[in-house]
Every structure is written in C-alpha cells, then in structure tokens.
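A.B. asks: Sharing a structure with you now.
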Amino acid sequence: MSEQQRQSEFKNTVAGGFGGICVVVSGQPFDTVKVRLQTQSATNPLYKGAWDCVKQTVSKEGAKGLYKGMGAPLVGVAPIFALSFAGFGIGKKLQQKEDGEELGVVELAAAGALSGLMSTVIMAPGERIKCVLQVQQASTGPPKYSGPIDVVKSLYKEAGIKSIFRGSAATAMRDVPASAAYFASYELIQRALSPDRSSLSVGNTILAGGMAGICNWLVAIPPDVLKSRLQAAPEGTYTGATDVFRKLMKNEGPRALYKGAVPVLLRAFPANACCFLGYEVAMYGLNRVVPDW
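Just so we're aligned, residue 25 is where the sequence shown starts under the working numbering, counting upward by one.
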C-alpha cells in the first residue's frame, strides 16, 4: 500500500475503527485487572498482585468477570480509534509539504498528539463508565449497576452531565503524550523493519504494533492511575486529578503511580499488535475495494 493511500481520511477512519475493536476484544481482561489493582485500598488491599486479582475474579465471578465493563468501550471504541487514526492522518497531512513526504520523529509525535486530543471527547465518558463497572465486586451482594446504560443514568441523576465526563482533563493528560509515543514509534519501527512501505508483512506489523503499545503505556501509566482513581471514586472524593495526585503521594508514595503496570504491559503488546494488524488488514481490503477513495 502506498503512503498516499495510507493517508486517506476515509480509510484511516474505517480501518482505525476496526483496529480498535480488535484492541478491546483481545485486551479487556488485562484492563479489568489493571483498574482493580489501581483503585484498591492501599491500607487494606484486596489483591496481592495481578495474578491474585485474576484468580479471585474468576473464582468469585467466573471468567466473564474479567470482561466487566466491556460494553462501554466496545460501543465507543470504533469511533474512538476511528478519530484517533483519522487525527493522526490529518496531523501528518498538515505538516507535509507534498503527498507522501516522510516526516521525522517530532512531526510524527505532533500528529500523534493531535489524534489523542481529538479522541478524548469520546474516550473520557467511555473510560468513566468502564472504570465504575470494573471496580464492582460480586462478593459483596448484588452489583449497584446492571450495565453501561444504568451507570450513565445513575451518574447523571447523582451529579448531572459533568459526572459522566469526570476525568476528561486527566484522560487528555494521559492520551495526548501517549498517542504521540504510540503513533511515532509504530511508524519509525515499521520504517526500520521495512523501508519499502508498499510491502508490509504480518510479522513486522505485529512487532511494530506490539512495541508501539509498550511505548504508549510506558508514557501513559502514571496519568492513567490518576484518571482511574478519579473516575472510579464516589462523588466528592476528589476535586480533580491534582487532588488525586496530592493524596496519592501523601498516602502511598511515588510507587503507586505504577500500580497495575504488570497487566498493562502484558496487555500492551498483544492488544496493540492486534490493533495495527486489524488496521493494516482493513486498509489493505479498502485499497483493493475502493482504491481511489
């Protein structure tokens, strides 16, 4: 596939949406473990670590417990990733002097940052709903929320629309730099592995996509901890991300910023390898079916 074809807004949008669905299906169990570890009490932790969280979740709630909260991101993931990949393509085009011009690392990072900013408007409420559902425990009686729609209704009733969008700034604080690392690393690794962009291989795409996921989360984990705490906490617990950070540093120290790092990094490679493989497969199919779009 040519560089010009890869920058089609329509194709980037459709292929990015398909790639996002691949991410959620492959990565949700890891994400559930991450959120539960990030939001558990520091003084009386429920889990000893990632594996203990998996064992307790499956024991008490069955394997489906690892997929709690998947409804919200699965519904929202197509437009989120569609916006993200489209934003990256637009960001590149804005900086190119001519079609197909190869951009440097700074320009690629800037395009990635734009994609993170564009997707936050959908990502933030989806993350809020997901986090609320993921921290529900089946062992303490019937769950408070029956699903994503019930969460939206309850949050709106409790504190209005602002409650649904709580954590938007924290989500942007996570996604803008993380998306810069994500897309720039993918493009640069693909170039190193396959200078001829017209013949991408499955192996190279899996490796570049997986490593891009690692790069993304190495940047994103600390702000993600703050975001998860803010979004999963009961109304009135924190005034904002700064308040979360201040209380976390006081009560738990800097190491708490990397809670959930093990399941995150375990998830990052396979989930994002699936994402970019899905994206490239969808892009290949679109280029065959509608080459001039």
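Even for Gly, the Cβ is constructed at its ideal location relative to N, Cα and C.
1. Is the beta carbon of G115 closer than 8 Å to that of L138?
2. Going by CA-CA distance only, name the one from L254, E259, M94 that's closest to R270.
3. With burial defined as no fewer than 16 other Cβ atoms inside 10 Å of the residue's Cβ, what is the status of N240: buried or exposed?
4. Taking the alpha-carbon of E131 as reference, which of E304, G40, A204, E151 has the nearest alpha-carbon?
5. Grouping DSSP H, G and I as helix and E and B as strand, with all else coil, what is Q62?
6. Of the choices A306, A285, V159, P258, whose alpha-carbon is the least far from that of Y91?
7. On the three-state DSSP scale, how would you describe S187?
8. Within the same chain, show all residues whose beta-carbon is closer than 6 Å to that of G51, passing over the 5 residues directly before and after it, in chain order.
9. Skipping 5 residues on each side, what residues in its chain have a beta carbon closer than 7 Å to that of G95?
10. Contact between the stretch 184 to 196 and the stretch 229 to 238: three or more CB pairs below 8 Å?
11. Going by beta carbon distance, what residues of the same chain come within less than 6 Å of K251, once the five residues before and after it are set aside?
C.D. replies: Put simply:
1. Sequence index remark: in the sequence shown, residue 138 carries index 114 (1-based). Sequence index remark: in the sequence shown, residue 115 carries index 91 (1-based). For L138 and G115, yes; Cβs fall inside 8 Å.
2. Position 246 of the sequence shown, counted from the start, is the residue given in the question as residue 270. Ranking L254, E259, M94 by Cα distance to R270 puts L254 first.
3. Counting from 1 along the sequence shown, the entry for residue 240 is found at position 216. By the neighbour-count rule (16 or more Cβ atoms within 10 Å), N240 is buried.
4. The residue given as residue 131 occupies position 107 in the sequence shown. It is A204 whose Cα lies nearest to the Cα of E131.
5. Your numbering for residue 62 matches position 38 in the sequence shown. Q62: helix per DSSP, three-state reduction.
6. Working through the sequence shown from its first residue, we reach residue 91 at position 67. The shortest Cα separation from Y91 among A306, A285, V159, P258 belongs to V159.
7. Stepping through the sequence shown from its first residue, residue 187 is reached at position 163. S187: helix per DSSP, three-state reduction.
8. Taking the sequence shown and counting its residues from 1, the one referred to as residue 51 is at position 27. Around G51: R291, A295.
9. As a position in the sequence shown, residue 95 is number 71, starting the count at 1. Excluding positions up to five away in sequence, the list reads G171, P172.
10. no
11. For this step, residue 251 is matched to residue 227 along the sequence shown. So the list reads G191, A194, T195, R198, once near-sequence residues are dropped.
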